[in-house]
Structure formats: structure tokens, C-alpha cells
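Residue numbers (our numbering), protein chains in the order written: chain A, 1 to 79; chain B, 80 to 540. Built from N, CA and C at the ideal position, the CB exists for glycine as well. Predicted, not measured: the structure shown is a model, and the values here were computed from it.
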Amino acid sequence: MPDLGKSKRIWTFISFITFILFGLAALLHQYWINIFVIIFGLLIKYYGSNVLFTKGKERRKYLKQKLIEARVISIKKQK
Amino acid sequence: MNWNSIVQAILSPGPSVVISILIMILGLFFGMKVSKAVLSGLYLGVGFIGMSMAINQLVTIVTPATKALAKNTGINLPAVDFGWTGASAITWAWAVAFVFFAIEIGVNLVMLVTKTTNVVNADMWNVWGLALTGYMVYFATGSYIWAFIAGVIQAIISLKLGDMWSEEIENMLGYPGITVPHIEAFTAIIMWPVNRLMDFIPIFNYRWSAKELKKKIGILSEPVVMGSIIGLIIGLAGRYTIANALSLAITVGAVMAIFPVMAKFFMDSLTPFGTTMSNFMKNRFKNREFVIGLDWPVLGQSTELWVTMVVLIPVSIAFAAILPGNQVLPIAGVINYCLGVGGLLLTGGNLLRMLVLGIIYQPLFLYGSTYFTNVFTKLARDTGAVNVPKGSLVSWSSIEAPDLRFLMSKAFTGNIFAWIGLVSLLILFWFVYRSFKKNPVPSKKYKEQLIKKNPKSVVAK
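So this is what it looks like as C-alpha cells:
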């Protein structure tokens, strides 16, 4: 899914659809709808996360780099 | 003037509205553009609503299964667990509860001015926890003074907990300027000695995150799968039909699938707020990094948190059945946030440690809730906020900081052993606080899993 994979708007839309489906399942007590929530949730986790949550990821990378530079954690090469 | 009614009216819209408005006001105060401040507040509110929905859905679907399980296994425990919602309802109905609102704000201001904390606690919704502690002490001692002193002690502890976790939360979530000063994380203090022992047991010193587990046990480590299996087990143990058991399984799986996504979504939107606040503070207060205290759901994107809380559901029910002297069956409070949040922050997301600590410390909560059964029942009857039929008992199975509350209740009646216990607990807290200040990121000490081909090589990512 190369185009879908890079489009933040589409992944945001999919996220909201997922939340709405979850809400519907809860309100209507139609728990089978959660099957789709699981499918969309997993899709977002494995394909959409990198597109949707870049800020958090970059921030964590930056913090990790700071920890490495401060020698709080270290990288060891595999033999 | 009925101050209690005024406070309750302010807080009645719920945490999602109250905290959103506070964040908007703080955002404007820190110099954010109006549109950005409003958006930050709105995103936070929407996020909290979403999370509340997910949590409530989990409790709603698990509660009847727990009741069915108890009925079918013949577990008959006298006290009804009404969870945190029942506990907060009866606490806010206590005539003196509003005073603790002032205690929380007053203690926070004094500590900020005296530079004994960097936490600006925006989590006003959870002031009821302070009021509950106050009532417990008042119930034991008959003294409002001791009740207020207990509230002050808890407020101080909460703010210091917020200071303790702030760097770790930034490292864990990637968001600057926020922390969790919730008293439920005080469980980490009592769990610290066993966690420290685990440092000497090799198996606990590997990186047991949900991601790492996947390399070992593949699809079974996927939180959706784990949650669904637990849900199915609970449903079948409660003698549900296959269809209903599958509904339960799928719903638990859906919560595990959606919650981390929901949490990340709204937390990402808090980044502009956190950055603006941080810059404001750096410009005006040299050498001080303030952090905003928020409610624990901001940690909701942690998969390890949810896996721990869901896996511990059948554990708490099993303990309730077998522990001698226990009077409470976990129902509304069956999801133990204290063990989840406390374990997450203490261990840095080491799932194995969180689960083992959860199993070891679960009895503490059942015995704590049994001890406070009479307190909750009297408060419920006195306030009329929750209907308790004659001869019935109510309690809260996952009561926050049961150790601290028990010791303060006993100590302030003059019990010397309770005083020794309370002082020891506070000394332990101080020790753990200092330890976290020196090593604020516990996850850094864990090694990557050994690779079988070359057991001597260790690679850190």
C-alpha cells in the first residue's frame, strides 16, 4: 500500500472510523463489530503508526541519542 | 454557602472537560496562540473521553463475566466491589470533601514556591483520592485535623511521585513536560524491594517488552491475541455460551488493539503544549523544568500496561477465592490500575517483572479493601450517594495506596506499631525517590535477549 502508506489524512480517517466502530459496538452491544476494530487497529499499528505518529517517534529517537551521548546507555556491536 | 456543592458543580462535567479547560487556560498563559491552545485542550478532552469509553467498555463486559464466574464456582464473598466510580461518588458526597481541593492547590503552590517540586498538578479530578484518605483517617480517629494532615501528606507524596516519574515518562512516551502524580503509582514504592531482588535474577534483566516477547513467542505475544485469550478464558470459566465468550474475547482484544492507538493519537497533539510550556518556564525561571501533572490514562499507549492489567484479572479473582479472611470479590474494580501503572513506572515497562510483581502484590489490595469495607459502607450510608441495602457491605477491590492509607489510619489513632510502619514506609519512599533521581530511566539497565547462536554477544538497539 505505498500511497495509502504515506498519506497521513487517510490513516487519520481510518483511525476515526476505528474509534467510531468501537463506540458503536459499545453503545449498541453489537460486539461482533469489534472484529473490524481489531483488524483496523492492527493495520494502524503495523502500517499506519510510522505515518501518524512521526513526532513521537522522532522525539524518542532524539531522546535516545541524547542518552547515548551522555553515556547513559551504550551501543555494543554484535560479534 | 455550600462549598461542597460548588466544587462538585465545577467538577461535575468530568475529568475530560475539567482537564481540557485547564490545559487551554494554561496554554494561553504560557503564550500559545488561542487556536493552538484550544486545539490542545480539545484533543486532550476527546482523548480522555475515548479512553474512558474504552476502560468502561472493558469493565462493563468483564464485570458480568466475573459475577457469573463467582456464581458458578460457588465463591460467596460478602462485600460488593463498586470500583473507583462508586468510591469517588461517595467521597465527593462527603460534606468536607471540598476542603481537600484547597489542600491540593495550597500544597502544590507552597511546594512550587519553595522549589520542592516542579509539578504543576492539573489533575484536579483526582483530588477525591485525597478526600477519601481524609475520610478514612477521620473514620478511625474522629479528628478532622488528622484527616487534613493525612491529605497534606498524600498531596506531598503525589507531587514527589510526579517529580520522580517525569524524566522516565518523557523517555517512555517521547512527550516533554508531563508527568503522572496519581497516588495509585505509590504501589511502586512497596513493590521496590522485590523489584530490587529481581535485579539479581538473570531472567528478569532482559528487555521484556511486548516487542521483544514477539521474537520469542510470536503471535501469542500480540496484545490483541493475549487479551482475546484471557477474555475467552474468563467467559468460558463463567460458563458463558460459546457466542458470549467469543464476544467477550473479541471486545477485550478490541480494547487492546485500539487503546494504544487512541492514546498515542491524543498524546501527539499535546506536544505543542509541552514544548511551549517548557520554553516559557526556561525563559522565566532559570534552571527549572516544570512539568504538568495529568491523569494516568496518558500512559495508555503502553502495551505492557494493558497486557499486565488484563492478565491479572483472573489472578485477582483466583486470589479472592483462596485468600483466607478476604471479603471482597473483585468486580467493578477487577482491573487493577495500581499494579499496572505502578509496575510500569517502577520497572520501565519490563513485562515479566510487571506480571510477577502484580501476582505477588495482588493480595495487598484484597486485604486492604477488606480492611476498609466498614469505612466504605459507612460513608456510602451516611452520604446516601450509593444505595447500600441493610446487611450489605461495599468496598473497592483495587483501592489505591492501601498500605499508606492503612498505616495513616492506624498511626493517627496512636498505634505505635503503625507509626513505626508509616515512618518506615515514608523512609522507603524517600529512598526510592533518591534512587529514581539518580537513575530515572529503569529500562536502560535491561539487556537485549541473548541470541542463541552466540550467547556471549549482547546488542542494544
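Report the rounded CA-to-CA distance for residue i versus residue j, giving the unit in angstroms.
| i | j | result |
| --- | --- | --- |
| B/Gly332 | B/Met130 | 15 Å |
| B/Gly500 | B/Val97 | 37 Å |
| B/Asn405 | B/Lys115 | 51 Å |
| A/Lys77 | B/Leu504 | With a pLDDT of 45 at A/Lys77, under the threshold of 50, the modelled position of this residue cannot be trusted, and the question is left open. |
| B/Val231 | A/Leu43 | 47 Å |
| A/Glu58 | B/Trp244 | 21 Å |
| B/Val386 | B/Ala490 | 36 Å |
| A/Gly23 | B/Thr492 | 48 Å |
| A/Pro2 | A/Tyr47 | Because A/Pro2 carries a pLDDT of 46, less than 50, the predicted location of this residue cannot be relied on, and the following value inherits that uncertainty. In a straight line, the C-alpha of A/Pro2 is about 10 Å away from that of A/Tyr47. |
| B/Val340 | B/Gly310 | 20 Å |
| B/Thr220 | B/Leu458 | 15 Å |
| B/Leu105 | B/Thr258 | 15 Å |
| B/Trp496 | B/Leu486 | The identity of residue 496 of chain B in the sequence shown is Phe, whereas the question assumes Trp. If you take the alpha carbons of B/Phe496 and B/Leu486, they lie about 9 Å apart. |
| B/Ile313 | B/Ile392 | 9 Å |
| B/Leu418 | B/Ser448 | 15 Å |
| B/Phe102 | B/Phe515 | According to the sequence as given, residue 102 of chain B is Ile; it is not Phe. Roughly 28 Å between the two C-alpha positions. |
| B/Arg460 | B/Glu183 | 26 Å |
| B/Val435 | B/Arg275 | 13 Å |
| A/Lys79 | B/Gln380 | Because A/Lys79 sits at a pLDDT of 41, beneath the cut-off of 50, its placement in the model cannot be relied upon, and the following sentence gives the value as read from the coordinates. A/Lys79 and B/Gln380: Cα-Cα distance of roughly 34 Å. |
| B/Thr456 | B/Gly162 | 13 Å |
| B/Thr382 | B/Tyr512 | 25 Å |
| B/Thr354 | B/Leu402 | 49 Å |
| B/Ala158 | B/Tyr450 | 11 Å |
| B/Phe218 | B/Ala168 | 17 Å |
| A/Tyr31 | B/Thr196 | 46 Å |
| B/Ala324 | B/Ile140 | 10 Å |
| B/Leu292 | B/Lys146 | 32 Å |
From the DSSP output, read off the bridge partner residues of residue i.
| i | result |
| --- | --- |
| B/Ser474 | B/Asp160 |
| B/Tyr416 | According to DSSP, B/Tyr416 bridges with nothing at all. |
| B/Gly372 | B/Asn200, B/Thr258 |
| B/Lys526 | B/Tyr285 |
| B/Val407 | B/Ala158 |
Going by CA-CA distance only, name the one from the options that's closest to residue i.
| i | options | result |
| --- | --- | --- |
| B/Phe359 | B/Phe109, B/Ile102, B/Met103, B/Ile100 | B/Phe109 |
| B/Trp498 | B/Pro281, B/Phe455, B/Arg484 | B/Arg484 |
| A/Leu21 | B/Ala133, B/Leu121, B/Ile102 | B/Ala133 |
| B/Arg378 | B/Ser477, B/Thr354, B/Gly428 | One detail in the question is off: residue 378 of chain B reads as Leu in this sequence, not Arg. Checked all of B/Ser477, B/Thr354, B/Gly428; the closest Cα to B/Leu378 is B/Gly428. |
| B/Val502 | B/Ala289, B/Asp482, B/Gly221 | B/Asp482 |
| B/Lys290 | A/Lys45, A/Lys66, A/Val51 | A/Lys45 |
| B/Ser476 | B/Thr462, B/Val407, B/Gly470 | B/Val407 |
| B/Val125 | A/Ile38, A/Lys61, A/Trp11, A/Phe16 | A/Phe16 |
| B/Ile414 | B/Gln136, B/Leu101, B/Pro468 | B/Gln136 |
| B/Glu479 | B/Arg286, B/Ala174, B/Met215, B/Val198 | B/Met215 |
| B/Gly142 | B/Ala411, B/Asn323, B/Leu156, B/Phe279 | Residue 142 of chain B is actually Thr in this sequence, not Gly. Checking every option, the nearest Cα to that of B/Thr142 belongs to B/Ala411. |
| B/Arg367 | B/Leu436, B/Lys343, B/Phe508, B/Val192 | B/Val192 |
| B/Thr320 | B/Phe127, B/Leu148, B/Leu507 | B/Leu148 |
| B/Lys517 | B/Val198, B/Glu246, B/Ser300, B/Ile337 | B/Glu246 |
| B/Trp509 | B/Val189, B/Leu188, B/Trp171, B/Lys239 | B/Lys239 |
| B/Leu227 | B/Thr196, B/Val138, B/Thr212, B/Pro351 | Residue identity differs from the one stated: residue 227 of chain B is Phe in this sequence, not Leu. When only C-alpha atoms are compared, the closest one is B/Thr212. |
| B/Val138 | B/Asn151, B/Asp160, B/Lys150 | B/Asp160 |
| B/His261 | B/Val273, B/Ile248, B/Ile280, B/Gly241 | B/Gly241 |
| B/Ser474 | B/Lys295, B/Ala464, B/Asn466, B/Asn453 | B/Asn453 |
| B/Ala328 | B/Gly317, B/Gly165, B/Ile308, B/Ala342 | B/Ile308 |
| B/Pro376 | B/Thr145, B/Ser522, B/Phe338 | B/Phe338 |
| B/Val420 | B/Ala176, B/Ala264, B/Asp278 | B/Ala264 |
| B/Lys112 | B/Met356, B/Val175, B/Lys150 | B/Met356 |
| B/Ile224 | B/Lys293, B/Val175, B/Ala144 | B/Val175 |
| B/Lys526 | B/Glu301, B/Arg318, B/Pro281, B/Gly165 | B/Pro281 |
| B/Ala342 | B/Ile128, B/Ser237, B/Ile296, B/Ile100 | B/Ile128 |
Legend entry - chain A contacts from the region 307 to 336 of chain B (Cβ-Cβ distance under 7 Å): Ser326, Ile329, Thr330, Gly332, Ala333, Ala336
Legend entry - Positions along the region 127 to 142 of chain B whose CB lies within less than 9 Å of some CB in chain A: Gly129, Met132, Ala133, Asn135, Gln136, Thr139, Ile140
Inset, instruction - Take every Cβ of the region 437 to 447 of chain B, pair it with every Cβ of the region 259 to 277 of chain B, and state whether three or more of those distances are shorter than 8 Å. - result: yes
Legend entry - At least three beta-carbon pairs within less than 8 Å, the region 365 to 381 of chain B to the region 195 to 210 of chain B: yes
Inset, instruction - Taking only beta carbons into account, state which residues of the region 3 to 35 of chain A come closer than 8 Å to chain B, listed in chain order. - result: Ser15, Thr18, Phe19, Phe22, Gly23, Ala25, Ala26, Tyr31, Trp32, Asn34, Ile35
Legend entry - Interfacial residues, the region 239 to 268 of chain B to chain A, with Cβ spacing under 9 Å: Here the close residues are Glu249, Asn250, Met251, Leu252, Gly253, Tyr254, Pro255.
Inset, instruction - Tell me, please, whether the region 387 to 398 of chain B touches the region 244 to 254 of chain B by the rule of three or more beta-carbon pairs shorter than 8 Å. - result: no
Legend entry - Meets three-Cβ-pair contact criterion under 8 Å: the region 314 to 332 of chain B and the region 28 to 36 of chain A: When C-beta atoms of the region 314 to 332 of chain B are compared with those of the region 28 to 36 of chain A, three or more pairs fall below 8 Å, so the two segments count as touching.
Inset, instruction - Could you name the residues of the region 285 to 307 of chain B whose beta carbon sits closer than 7 Å to any beta carbon of chain D, in the order they occur along the chain? - result: The chain labelled as chain D is not found among the protein chains of the depicted structure, namely A and B.
Legend entry - chain A contacts made by the region 387 to 408 of chain B, where a contact means CB separation under 7 Å: none
Inset, instruction - Report yes or no: do three or more beta-carbon pairs, one from the region 461 to 476 of chain B and one from the region 224 to 243 of chain B, lie closer than 8 Å? - result: no
Legend entry - Stretch-stretch touch, CB-based, cutoff 8 Å, three pairs: the region 270 to 287 of chain B with the region 430 to 437 of chain B: yes
Legend entry - Cβ-based contacts, 9 Å cut-off: residues of the region 104 to 118 of chain B near chain A: none
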